[in-house]
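Heads up: the sequence lines are chains C and L, in that order. Residue 314 in numbering that gives the first Met the number 0 is what sits at position 315 of the first sequence, and the numbering runs on without skipping anything. Residue 72 in numbering that gives the first Met the number 0 is what sits at position 73 of the second sequence, and the numbering runs on without skipping anything. In this text, a Cβ means the ideal position worked out from N, Cα and C, and glycines have one as well. Presented below is the structure to which this report refers.
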Amino acid sequence: MKRALVYVDRYAVTDSLGLLAVVARMYGIDSCETFAVHVGSSCDEFYGSVDHLLLVEDGLIAPYDAAGISGIIAELHDRYAFEAILIPATPFGRMLAPRIAARLHTGLVADVTEIRRDNGEIRLVRPAFSGRMVAAIASSGHGPVMLSVRPNAFVYTPGIHRKTEVTPIASLTVQTSPDRRPSLRLVERRGKAVTRDIRESDVLVSGGGGVMRSFDRLELLAMELHGMVAASRRVIDSGKAPRHIQVGQSGKTVSPRLYIALGISGSIQHVAGIRNAEFIISVNSDRRAPICALSDIVVEGDAREFITRMVERIRRGTTGADHAHH
Amino acid sequence: MKILCLVKLVPDVENFRYDFEKNVLVRENVHQVLNPEDATALTAALAVREEFPGIRIETVTMAPRSAIAHLEDLVRRGVDRATLISDPLFVGSDTYGTSRILSRYIETQSYDAIFTGTHSLDGGTAHVPAQIAQMLDLPQMSQIVEIDGDSFGNGFAVIDVDSEDAVCTFEIDLPAVLSFAYSTKRKLPYISYENLHQEVRDRVHIVTNEALGFERHEVGLDGSLTRVTGVEIQTFARKDTLFVLPDDEGIEQVYAFLVRKGFIRL
């Protein structure tokens, strides 16, 4: 039976679970023995979802030590001979995966968003040119198939219950020798104020270059629709909004039910991040802006005016319909 | 002391236009630019040199020879030496092959740190910095937003790394691969007027496979471990779009849509 290993990023457990959906797409649900490796003493989310849970005990290695962890995974591969190794393309995953691939002398496909099959061969599909194109890639090399997977591109839905066997990894590897002075040392961690993740919101009110000067007002509309504010790269780069609300190829892939795009022209870079939005309403002064062709409704006009009037209309509720036709 | 800066030229994808009507990518007149995050890294290196004037800065670029003009401009902006790794054998190398080629050159150099961007604008895999670190057995960190060079003399650097939920400060032993995040605050200096036509050819240094000694099957397409089987333009489902104005009628139509789809509960 084929074996596949998924890496659990402790800061992105849901995205790590999503890797199991990718394994199922690659090999089918029943024809693969699944392994998850986690640096930490427990990982409840994976119980019942994988056949083997390999736990690298706390204190053995720093969770940010990509060089050391890549060594552990290489040794696990020596022991279990995986057919595939999957890593979430989180900031840490993106440092870890290339190291493992280099150690195993195997090809690595980054940021996979789709799995295809071509005459029985697996094709890993990833965006290229800032999301303007997609490339299908086949891996060769002697090692396992290695891929990093774009967060939020695959969603895991628990299927068959698996009897999870837990294997602690205590002293498997030379990488964890206590005498080794780590070359990377965490001095301080300053947590940011906890905010909800825009990927979890059903409604996103998103602003681009066209609303940069009144970006604060987006919150008004977002509040009325119980949604969150997001932004295009131009707004982020100008410093008007924090990086974690950026939508697009270099930001987040979102899949809200409703995406309201205000003053966003819809560069491919941006559109790549909203492909899975169910409904799109865009407000733009240029009806030829690329995003218009993808929208259910285009409001041709000033985004600031739209916000004001829309907020007013929602607050008026049902009774407002009468007034509107004067 | 010496800082190696890995910098790459990329197509200016920001200025690619996409024709949604015809579903084609308009690629005319797209020119090459310095990868923005690499420019941030190089600017950080120049700032470190401000503090420690003894530091030498060398850029390392793998590209066709047409890149020479760009590299000459980097010298005019203050780089001490620009190395171009260029050989017909290397064309078509994937990230693994590229990392091997760059690593083999870097091995021949003495250096204290390797600066680079976290991602490139074209491929965007972020593989090369981490793979070079692995091949050279160095520590590496991505998404660096600040660097404090004060401790360089003591063999380590203090860096700030920005992630979704925190900013972390690390000490990292040198030499190390330091990958920077894009920052609008760090901009490469302009070329001063008197340096505009400065003769700098002798500071652009070309390295071919004669110096690196790869076998044909090790590099280029033959040496790659991944193979692109197809490339297609990203397509998007077009919709029957309703166009309205932000007037009473338009707002009412949007409102009705939001009610119908359940986004506003009456």
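Check for me: the beta strand (DSSP E) holding L:S141 runs from which residue to which?
Translated into positions along the second sequence, residue 141 of chain L becomes position 142. L:S141 -> beta strand (DSSP E) spans Q139 to D147.
Suppose you measure from the CA of L:P128 to the CA of C:V246; what does that come to, to the nearest Å?
In the second sequence, residue 128 of chain L corresponds to position 129, counting from 1. In the first sequence, residue 246 of chain C corresponds to position 247, counting from 1. Rounded to the nearest angstrom, the two C-alpha atoms are 25 Å apart.
Would you grab the beta carbon distance between C:V298 and L:V253 for me? Rounded to a whole angstrom, and I think it's under 8 Å.
The residue labelled residue 298 of chain C in the question sits at position 299 within the first sequence. The residue labelled residue 253 of chain L in the question sits at position 254 within the second sequence. At roughly 7 Å, the Cβ-Cβ gap stays under 8 Å, so C:V298 and L:V253 are in contact.
Within 10 Å of its beta-carbon, does L:K184 have 16 or more other beta-carbons around it, so buried, or fewer, so exposed?
Mapped onto the second sequence, residue 184 of chain L falls at position 185. Label assigned to L:K184: exposed.
Compute the beta-carbon to beta-carbon distance between C:V148 and C:V124, rounded to the nearest angstrom, for a pair I have assumed lies under 8 Å.
Taking the first residue of the first sequence as 1, we reach residue 148 of chain C at position 149. Taking the first residue of the first sequence as 1, we reach residue 124 of chain C at position 125. 11 Å between Cβ atoms; not a contact.
Could you pull the start and end residues of the beta strand (DSSP E) that C:G92 belongs to?
In the first sequence, counting from the first residue as 1, residue 92 of chain C sits at position 93. Counting along the chain, C:G92 falls outside any beta strand (DSSP E), though it belongs to the alpha helix (DSSP H) covering P90 to L103.
Let me confirm a value: C:M0 is counted as buried when at least 16 other C-beta atoms fall within 10 Å, else exposed. Which label applies?
Working through the first sequence from its first residue, we reach residue 0 of chain C at position 1. The residue is exposed, with fewer than 16 neighbouring Cβ atoms inside 10 Å.
Taking Cβ positions only, does C:R110 come closer than 8 Å to chain L?
Numbered from its first residue, the first sequence carries residue 110 of chain C at position 111. For the sequence presented, residue 110 of chain C should be read as Asp rather than Arg. C:D110 counts as touching chain L.
Are C:H269 and L:E163 closer than 8 Å when you measure CB to CB?
Indexing the first sequence from 1 puts residue 269 of chain C at position 270. Indexing the second sequence from 1 puts residue 163 of chain L at position 164. No.
Suppose you measure from the CA of L:N153 to the CA of C:S138; what does that come to, to the nearest Å?
As a working note, residue 153 of chain L is residue 154 in the second sequence. As a working note, residue 138 of chain C is residue 139 in the first sequence. Each residue's Cα considered, the two are about 43 Å apart.
What three-state label does DSSP hand L:L211 in the structure shown?
Walking along the second sequence from the start, residue 211 of chain L turns up at place 212. Note: L:L211 maps to helix in three-state DSSP.
At a CB-CB cut-off below 8 Å, which residues of chain C make contact with L:Q142?
In the second sequence, residue 142 of chain L corresponds to position 143, counting from 1. In chain order: P90.
For L:Y181 and L:L83, I'd like the C-alpha separation in whole angstroms.
In the second sequence, counting from the first residue as 1, residue 181 of chain L sits at position 182. In the second sequence, counting from the first residue as 1, residue 83 of chain L sits at position 84. Whole-angstrom Cα-Cα distance: 23 Å.
Could you say which of C:R115, C:V186, C:I280 and C:D77 lies nearest to L:V243 if we only look at CA atoms?
Residue 243 of chain L sits at position 244 when you count from the first residue of the second sequence. When each option's Cα is compared against that of L:V243, the closest is C:I280.
Hey, is C:P143's beta-carbon within less than 8 Å of any beta-carbon in chain L?
Taking the first residue of the first sequence as position 1, residue 143 of chain C is located at position 144. Closer than 8 Å: no.
According to the neighbour-count rule (16 or more other Cβ atoms, all chains shown, within 10 Å of its Cβ), is L:I54 buried or exposed?
As a first step, residue 54 of chain L must be located in the second sequence, where it is residue number 55. Classification of L:I54: buried, given that the 10 Å Cβ count is 16 or more.
Using the beta-carbon of each residue, which ones in chain L are nearer than 7 Å to C:M94?
Position 95 of the first sequence, counted from the first residue, corresponds to residue 94 of chain C. Those are A129, Q139 and S141, listed as they occur along chain L.
Strictly by DSSP, which residues pair up with C:Y258?
Within the first sequence, numbered from 1, the residue matching residue 258 of chain C stands at position 259. C:L203 and C:I279, per the DSSP bridge assignment.
I want to see whether chain C comes within less than 8 Å of L:G212, judged by CB atoms only; does it?
Numbered from its first residue, the second sequence carries residue 212 of chain L at position 213. No, because no Cβ of chain C sits closer than 8 Å to the Cβ of L:G212.
Would you give the residue range spanned by the beta strand (DSSP E) that C:A109 belongs to?
Taking the first residue of the first sequence as position 1, residue 109 of chain C is located at position 110. L107 to V111 is the span of the beta strand (DSSP E), which, as asked, contains C:A109.
Let's test the definition: count the other Cβ atoms within 10 Å of the Cβ of C:T175 and tell me whether it reaches 16, buried, or not, exposed.
The sequence position of residue 175 of chain C within the first sequence is 176, counting from 1. Residue confidence is low: C:T175 scores 49 on pLDDT, short of 50, so the model does not pin down where it sits. Its coordinate-derived value is still stated next. When all chains shown are included, C:T175 counts as buried.
Looking only at its chain, what residues have a beta carbon closer than 6 Å to the beta carbon of C:Y26, apart from the 5 residues adjacent to it on each side?
Looking up residue 26 of chain C in the first sequence gives position 27. So the qualifying residues of the chain are K1.
Between the alpha carbons of L:I146 and L:D111, how many angstroms are there, rounded?
To locate residue 146 of chain L, count along the second sequence from 1; it is residue 147. To locate residue 111 of chain L, count along the second sequence from 1; it is residue 112. Here the alpha carbon of L:I146 sits roughly 14 Å from the alpha carbon of L:D111.
Does any residue of chain L have a CB that is nearer than 8 Å to the CB of C:D295?
As a working mapping, residue 295 of chain C is identified with position 296 in the first sequence. Using a Cβ-Cβ cut-off of 8 Å, C:D295 counts as an interface residue toward chain L, since at least one Cβ of chain L sits closer than that to its own.
At the level of alpha carbons, what is the spacing between C:A276 and C:L257?
Taking the first residue of the first sequence as position 1, residue 276 of chain C is located at position 277. Taking the first residue of the first sequence as position 1, residue 257 of chain C is located at position 258. Cα to Cα, C:A276 sits roughly 6 Å from C:L257.
In terms of alpha-carbon separation, which member of C:E304, C:A288 and C:H51 lies closest to L:I250?
Residue numbering aside, residue 250 of chain L sits at position 251 when the second sequence is read from its first letter. It is C:E304 whose Cα lies nearest to the Cα of L:I250.
Should the region 156–172 of chain L be regarded as contacting the region 63–79 of chain L, the criterion being three or more beta carbon pairs within less than 8 Å?
no
L:V160 to L:T228, Cα distance in whole Å?
Position 161 of the second sequence, counting from 1, holds the residue named residue 160 of chain L. Position 229 of the second sequence, counting from 1, holds the residue named residue 228 of chain L. Looking at the two C-alpha atoms, the distance is approximately 36 Å.
Let me make sure I understand the geometry here. Which of L:S223, L:L5, L:E71 and L:A46 has the alpha-carbon closest to that of L:I105?
Reading the second sequence from its first residue, position 106 is the one you call residue 105 of chain L. Residue L:L5 is the option with its Cα nearest to L:I105.
Applying the 10 Å Cβ sphere with the 16-neighbour rule, what's the burial state of C:S231?
Here residue 231 of chain C is taken as the residue at index 232 of the first sequence, counted from 1. With 16 or more Cβ atoms within 10 Å of its Cβ, C:S231 is classed as buried.
Any C-beta of chain C sitting closer than 8 Å to the C-beta of L:V230?
Within the second sequence, the letter at position 231 stands for residue 230 of chain L. Judged by the 8 Å Cβ criterion, L:V230 is in contact with chain C.
Return the CA-CA distance between C:A271 and C:V133, expressed in angstroms with no decimal places.
Position 272 of the first sequence, counting from 1, holds the residue named residue 271 of chain C. Position 134 of the first sequence, counting from 1, holds the residue named residue 133 of chain C. Distance between C:A271 and C:V133, taken at the CA atoms: about 10 Å.
Of all the options C:I296, C:S205 and C:A292, which has the alpha carbon lying nearest to the alpha carbon of C:A240?
Within the first sequence, numbered from 1, the residue matching residue 240 of chain C stands at position 241. Closest by alpha carbon: C:S205.
Examine chain C for any beta-carbon lying closer than 8 Å to the beta-carbon of L:Y95, and answer yes or no.
Along the second sequence, read from residue 1 onward, the residue named residue 95 of chain L stands at position 96. It does; some Cβ of chain C falls within 8 Å.
Count the other CB atoms within 10 Å of the CB of C:L203; is the residue buried (16 or more) or exposed (fewer)?
Here residue 203 of chain C is taken as the residue at index 204 of the first sequence, counted from 1. Buried.
If the cut is a Cβ gap below 8 Å, which residues of chain L does C:S205 touch?
For this step, residue 205 of chain C is matched to residue 206 along the first sequence. Here the premise fails: no neighbours, minimum Cβ distance about 15 Å.
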